[in-house]
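Here is the structure we will look at, set down as structure tokens.
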Amino acid sequence: MEGTESTTRERTTGRNGSQAPNHMLLMSSKPLHRFIQKEPRSLGIVILIFGCAELLMGFQLSKENVQTSCAIYIPFWQGILFLVCGNLSIYTEIHPSKKMMTVCLAMYVVSLLGIVVSISYRIYLFIEYDYLKYRAGHYSEEIWAIYRMDQLWGIEGLLFTSSLCVSVLLIFLVAIARLALKSTHTQVIVQHIPAPLSDTTSN
């Protein structure tokens with residue numbers, strides 16, 4: 053009995069003595085903390101910057117009479133999606149939980165779908181701008197129209213490139229968030245201790 057008690061005491065002391073290293077090891081092995089190790093907060097800040105740029109450019113494009121991406125309000129709803137994804141990434145790194153990870157994953161997927169729509173529409177706008185620029189080139193008095201098309205092409209091209217950059221970041225975040233949400237298999241060890249023999253049984 054004394055040997056058993058000493059062994060139990062040593063195990064308890066060992067757990068308490070190495071509580072911090074074991075806790076850190078446990079945290080590093082959890083899927084949610086694997087997501088945090090990829091620093092989603094830094095990526096979230098980058099996505100926030102792209103979202104602000106999208107919104108600011110959207111206000112400028114909304115004043116144009118020529119058809120732009122504001123025709124279907126791409127800079128506004130895409131900028132808001134980027135801002136939401138960025139804020140969620142920052143918040144999830146500070147307060148990690150499975151619920152927040154699920155919300156982040158859903159918003160990442162929705163934003164990726166929005167990027168597909170915006171990229172497709174902007175490719176159509178590039179073709180339209182090239183046609184308008186070609187038509188304006190036949191009239192010397194409409195040389196200003198060529199410069200205007202070049203400016204719009206540049207703005208839309210910048211937003212197009214930023215959307216591609218954000219899509220790469222979102223694909224990476226989707227991959228690590230999906231891995232973090234995978235269920236972990238826990239093993240339970242059941243130790244069977246036989247009941248001590250009573251006096252009546254020994255007699």
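Numbering (my numbering), first residue to last: 53 to 255. Every residue gets a Cβ at the ideal spot worked out from N, C-alpha and C, and that includes glycine.
One thing to note: Gly-103 has its Cβ no nearer than 8 Å to the Cβ of Trp-129.
Contact check for Met-152 against Tyr-143 passes: the beta carbons are separated by less than 8 Å. Note on geometry: alpha-carbon atoms of Leu-113 and Arg-187 lie some 22 Å from one another. Annotation for Glu-145: Ile-88, Pro-92 and Arg-93 place their beta carbon closer than 6 Å to its own, counting only its chain and skipping 5 residues before and after. Excluding residues up to 5 positions away in sequence, nothing lies with its Cβ nearer than 7 Å to the Cβ of Ile-175 in the same chain.
Contact check for Phe-111 against Val-218 fails: the beta carbons are separated by 8 Å or more. Residue environment: Ser-172 is assigned as exposed (fewer than 16 neighbouring CB atoms within 10 Å of its CB, all protein chains considered). Per DSSP, the continuous alpha helix (DSSP H) segment holding Gln-112 begins and ends at 92-113.
Taking C-alpha positions only, Asp-202 is separated from Ser-121 by approximately 15 Å.
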